[in-house]
Each structure stands twice: as structure tokens, then as C-alpha cells.
Amino acid sequence: GLGTPPRMVKSLARNLGLFVKLNQYERLARRLATEALRNLDADALHFRRSNLVGIGGPAAHANGLPAFWHIPNAISDRHPFGINRRLYQRRCHRYGIVPLANSRYTASTLGYAPVRPQIMYLAVDPDRFDPTRIDAISRQSLGINEKAVVVGVLARLHRTKGQDRAVEATLALAGDGHDIHLLVIGGPTRGEHYERIRKMIDGVPNGDRIHMLGPVSDAERYYPVLDFSLNCRVDPEPCGISVLESMMCETPALVHASGGPAETVIDGETGWHYHAPEAADIREGFLRAIGDRDRWPEMGKAARQHALEHFSLEAQAEHYLGIVREELAGRSDRGAG
């Protein structure tokens with residue numbers, strides 16, 4: 002019944018007022034959460050949102066429980082003096098919060114002292130993304146011939162996701178004579194970024210090589226039609242769920258050599274890394290991937306095997322429970338001591 006916690010904005014002057022409101026909100030929420038936990042007979046508390054660190058951590062601590070924070074995104078550095086990182090680290094240390102970062106990159110944005118984050122990557126359902134079970138979209142339905150190279154970007158349509166750079170790279174290769182098509186899957190199909198891409202492809206040579214498919218609810222049906230997927234986020238991706246989905250579908254992934262995807266994709270084995278999130282670098286990545294055309298089936302099988310071992314729901318559950326049990330055992334030993 003408290004509503005949404007106040008969110009900090011970029012303006013420092015406005016942040017001062019919001020900071021006061023956030024502290025007031027947290028004090029009330031802590032009390033209610035502490036009472037609720039006391040009645041639940043819980044062994045631990047798990048939360049995801051960063052604005053719950055100052056609520057869940059103290060509430061769990063007051064009940065003698067460990068708290069686990071699964072960090073979904075990189076810790077922002079837009080505020081001066083690393084204040085975000087310092088504040089989160091201080092609270093994790095004070096309240097015994099165990100940070101679970103979704104990649105080593107995400108962990109690095111929080112830092113490793115005084116509390117060292119555990120790494121717990123995202124996970125996907127190996128049955129839903131099983132290429133032998135999927136009723137895949139056909140190339141014919143998309144107007145693409147069977148011999149063409151088909152690449153796909155599955156992501157929210159936003160300037161930070163870099164779809165415009167992927168379009169530029171695709172048009173450049175098509176202009177050089179390559180039979181290549183790009184599927185841009187995701188929404189919204191409006192707004193500045195969408196209109197920018199439409200202007201890039203409407204009425205230009207090879208503009209028909211770009212397929213703007215909008216948002217879909219059955220992403221698994223599109224991975225099998227791809228020769229490889231592309232993650233082209235402009236800034237480092239914290240983890241990249243579409244990359245894991247792609248590999249689980251036996252579709253190699255081309256990713257920027259920074260952030261979470263550079264950790265989850267084995268360069269030259271389950272996909273490829275490209276140097277920088279620019280159109281020219283993506284184009285070079287395309288050429289490298291196309292050069293491995295004979296290895297695509299082999300790389301696809303290696304990608305699924307890698308995903309099954311490290312990024313399946315079962316693998317994540319086992320890893321997560323291991324972390325929880327270790328923390329509970331440690332607290333029990335410390336209590337006995």
C-alpha cells in the first residue's frame with residue numbers, strides 16, 4: 002500500500018529532494034517488511050530491484066536472515082564520486098546482503114570490496130528453446146531465399162540497443178554484393194529510434210533486406226531461421242538474455258567483446274566477438290561469421306551444449322541453491338562459534 006518508491010533523476014538539485022523522500026519511504030517500508038518477515042518463518046530473503054536494497058536488507062537483518070540481491074543491471078556511474086557503488090556496497094556490508102551479479106561485468110560495476118559479489122548468469126528454458134521442438138518461422142513467409150545469410154537482432158527497439166548500426170552494416174554488405182538479410186525483432190514500432198531506422202531503409206537500394214518485424218511473443222520461432230544472431234547494444238550489455246536464447250536454439254551469436262555477452266559467448270566456438278559497437282566493426286563481424294559458414298552447424302551444436310551446461314533453468318537453480326546453502330551454513334557456523 003505504499004506505492005512505488007521515488008526514483009532518482011539526473012538533476013543533482015532534484016535528487017536532493019527525492020533523496021529525502023526516498024529515505025522517508027524506506028523507513029516506513031522497512032518497518033512493514035520487518036513485521037511481514039517475522040510472520041513468514043522464512044530462511045532468507047531474495048529481491049531484485051536496486052531500490053529494495055535499503056528495504057529488504059535491513060528487514061532481513063532485523064530478523065537474522067540473509068538477503069540475496071540479484072542485480073539485473075550495471076550499477077550506474079552517472080552520479081559523482083561513485084556514490085551509487087559506495088552506497089550499495091555500504092548497505093550490503095552493513096546488512097549482510099549477498100549480491101548476485103548477472104555477469105562479471107555487472108559485478109565490476111558494483112566493485113569487490115568490502116563485499117564481493119557472486120556471479121549468477123540469467124537462464125532460459127531448454128525445452129522452450131529446443132530447436133527440435135520449435136515450429137519455426139519459414140524463410141518463405143519472410144520473402145527470403147534459402148541461400149541468403151540471415152541475421153537477427155531480438156531486443157527492445159531503443160537507441161542503446163544499436164539496431165541502427167546493425168542496419169547500416171547490413172546495407173553496406175548488401176551494397177558490396179552479399180546476399181544478406183537482417184531481421185529487426187522488437188518494439189515499440191514508433192518513436193524517434195524507430196523513425197530513424199525507417200528513414201535509413203525506405204526507398205534506398207537494398208532497403209528490402211531489412212525486415213522490421215516488430216514485437217513478438219514467440220521469440221523461439223525466429224532463432225532457427227537465423228544463421229546467427231546479433232547483439233549490438235551500444236554500451237556494455239549486463240548479460241543479454243537473447244544471446245542465451247540464441248545459443249540454446251543452436252544459433253551462434255555475434256556479440257560486442259565487452260559486457261556479459263563477451264563472457265557467455267565463446268569466441269570462435271559458440272559465436273564470435275567483434276571489437277566495438279560501431280557499424281564498421283559490426284560489418285567486420287558479419288564478414289568473420291560468414292567466413293565460418295561451413296562451421297555454423299558445428300558451432301550451433303556447441304552453443305546449445307554450452308547453454309545447457311551453464312544457462313539452463315536447472316543449471317541456474319543448482320548454482321543458486323548452492324550459494325544459498327553455503328550462506329546459511331556459514332551463518333550457522335558463525336552462530337555456533
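If you read the sequence shown in this note's numbering, its first letter stands for residue 2, the second for the next number, and so on. Virtual Cβ for every residue (Gly too), placed ideally from N, Cα, C.
Is the distance from the Cβ of residue i to the Cβ of residue j below 7 Å?
i: Asp126; j: Leu255; result: no
i: Ala34; j: Ile56; result: yes
i: Ala290; j: Glu169; result: no
i: Ala63; j: Leu155; result: no
i: Thr271; j: Ala303; result: yes
i: Pro253; j: Gly301; result: yes
i: Arg284; j: Ala167; result: no
i: Gln90; j: Val54; result: no
i: Cys96; j: Gly58; result: According to the sequence provided, residue 96 is Tyr. The question's Cys does not apply to it. In contact: Tyr96 and Gly58 (Cβ atoms closer than 7 Å).
i: Leu183; j: Thr171; result: yes
i: Arg234; j: Gly187; result: no
i: His71; j: Leu101; result: yes
i: Leu123; j: Asn103; result: yes
i: His194; j: Arg160; result: yes
i: Gly153; j: Ser230; result: yes
i: Val217; j: Asn232; result: no
i: Gly215; j: Thr190; result: yes
Our contact map puts residue i next to residue j with C-beta atoms below 8 Å; I'd like the distance itself, whole angstroms only.
i: Ala60; j: Arg31; result: 6 Å
i: Gly261; j: Gly241; result: 5 Å
i: Asp180; j: Val150; result: 6 Å
i: Gln119; j: Ile324; result: 5 Å
Let me know if residue i comes out buried or exposed under the rule of 16 or more other beta-carbons within 10 Å of its beta-carbon.
i: Arg165; result: According to the sequence shown, residue 165 is Asp rather than Arg. So Asp165 ends up on the buried side.
i: Glu36; result: exposed
i: Glu246; result: buried
i: Phe82; result: exposed
i: Ser139; result: exposed
i: Leu322; result: exposed
i: Arg92; result: buried
i: Phe48; result: buried
i: Gly2; result: exposed
i: Val21; result: exposed
i: Arg210; result: buried
i: His307; result: buried
i: Glu251; result: buried
i: Thr5; result: exposed
i: Arg1; result: Given that the chain is displayed from residue 2 to residue 338, the structure contains no residue 1 and the question cannot be resolved.
i: His257; result: buried
i: Pro298; result: exposed
i: Val114; result: What sits at residue 114 in the sequence shown is Ala, not Val. When all chains shown are included, Ala114 counts as exposed.
i: Ala108; result: buried
i: Leu29; result: exposed
i: Leu17; result: exposed
i: Ala263; result: buried
i: Ile84; result: exposed
i: Thr110; result: buried
Could you name the residues of the same chain whose beta carbon sits closer than 7 Å to that of residue i, not counting the 5 residues immediately before and after it, in chain order?
i: Asp268; result: His274
i: Arg197; result: Asp165
i: Gly112; result: Arg86, Gln90
i: Ile145; result: Val151, His182
i: Ala43; result: Leu66
i: Glu328; result: Pro67, Val99
i: Pro7; result: Leu19, Lys22, Leu23, Tyr26
i: Asp282; result: Tyr275, His276
i: Ala137; result: Arg222, Pro225, Val226
i: Ala175; result: Ile181, Asn207, Arg210
i: Arg332; result: Pro67
i: Asn52; result: Pro6
Spatial neighbours of residue i within its chain, please: CB distance less than 6 Å, with the 5 preceding and 5 following residues excluded, ordered by chain position.
i: Arg129; result: Glu221
i: Tyr106; result: Pro237, Gly260, Gly261
i: Gly338; result: Here the model assigns Gly338 a pLDDT of 49, short of 50, so the residue's position is not dependable, and the following value carries that caveat. Excluding residues within five positions, none has a Cβ falling inside 6 Å.
i: Ala68; result: Leu46, Gly57, Gly58, Ala61, Ile98
In chain order, what residues of the same chain have a beta carbon less than 8 Å from the beta carbon of residue i, not counting five sequence neighbours either side?
i: Ala330; result: none
i: His320; result: Met121
i: Leu227; result: Val151, Val152, Gly153, Leu184, Ser247, Thr252
i: His94; result: Pro115, Val116
i: Phe312; result: Tyr122, Leu123, Ala124, Val125, Leu245, Met248, Met249, Thr265
With a threshold of 7 Å between beta-carbons, can residue i be considered close to chain B, or not?
i: Phe287; result: Considering every chain present, this structure includes no chain B. It has just one protein chain.
Whole runs of the alpha helix (DSSP H) within the stretch 237–294, excluding any shorter than 4 residues: 242–249, 262–265, 280–292
Minimum length 4: unbroken alpha helix (DSSP H) runs contained in the stretch 86–124: 105–111
Alpha helix (DSSP H) segments (min. 4 residues) lying fully within the stretch 177–230: 193–202
Beta strand (DSSP E) runs contained entirely in the stretch 17–99, provided each spans 3 or more residues: 46–48, 68–72
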